[in-house]
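Position 99, counted from 1, in the sequence shown is what our numbering calls 692; the numbers after and before it change by one each time, with no gaps. Each residue gets a CB set at the ideal place from its N, CA and C atoms; glycine is no exception. Given the structure is predicted, the values throughout are model-derived calculations rather than measurements. The structure appears below as structure tokens.
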Amino acid sequence: MPVAARFHNLRDKVLDCVDFVLAEPVRLSFLKNGVADPARPLIEIEAVLRVGEGKTTSIAGSRSDGWRSRIVADKAQLHIDRAKYTGPQPQSGDKVRALARHGMPWFEVADVDDRSHTRLVLNLNEA
Numbered sequence: 594m595p596v597a598a599r600f601h602n603l604r605d606k607v608l609d610c611v612d613f614v615l616a617e618p619v620r621l622s623f624l625k626n627g628v629a630d631p632a633r634p635l636i637e638i639e640a641v642l643r644v645g646e647g648k649t650t651s652i653a654g655s656r657s658d659g660w661r662s663r664i665v666a667d668k669a670q671l672h673i674d675r676a677k678y679t680g681p682q683p684q685s686g687d688k689v690r691a692l693a694r695h696g697m698p699w700f701e702v703a704d705v706d707d708r709s710h711t712r713l714v715l716n717l718n719e720a
């Protein structure tokens, strides 16, 4: 078997194992000007949703109490298996709902990284 074929075979097995353990059901809602986009109907898929710790920080990026303004720096990403995904291309402003999590929280797509050959990565904000 050629090296490239072995690489792709091993890569696919690793992705399947990761998804088997970490993937969860999510709903992708595709929006245009803030309303449902009829050209891109919503879909439900399984993907790996990683959410940060939700640390509170000051504008300066530290935990200093001297600042009056604070933000929640909660980074989240949705990792979609490119080989299995057949839905529309996600865009900034689309929404993601975590269907299996308590309260089924919503996230907004901040941007999409489609440069990886294995994953479509959606960088998310709280919605």
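C-alpha gap between L715 and A703, whole angstroms: 7 Å
Length of the line joining the Cα atoms of R712 and A629: Computed Cα separation, rounded: 25 Å.
Spatial distance of P634 from F623 (CA atoms): 7 Å
Rounded straight-line distance, which links the Cα of M594 to that of P681: P681 and M594: Cα-Cα distance of roughly 34 Å.
Counterpart residues of Q670 in DSSP-defined beta bridges: Note: Q670 sits in a beta bridge opposite R643 and N716.
Identity of the residue in R675, K677 and L671 nearest V726 by Cα: Limits of the chain in this structure are 594 at one end and 720 at the other, which puts residue 726 out of reach.
Contact check, A669 vs R643, beta carbons under 9 Å: Against a cut-off of 9 Å, the Cβ pair of R643 and A669 comes out as a contact.
Test item: CB-CB of A640 and D612 under 9 Å: yes
Assigned secondary structure, K606 (DSSP; H/G/I helix, E/B strand, else coil): helix
Contacts around L692, its chain only, beta-carbon distance under 8 Å, and the 5 residues preceding and following it disregarded: These residues qualify, in order along the chain: E617, P618, V619, R620 and E637.
Proximal residues to P683 (C-beta, below 6 Å), its chain only, five neighbours per side dropped: V702, V705 and L715
As assigned by DSSP and simplified to three states, the class of A598: helix
Straight-line Cα distance separating G696 from H710: 33 Å
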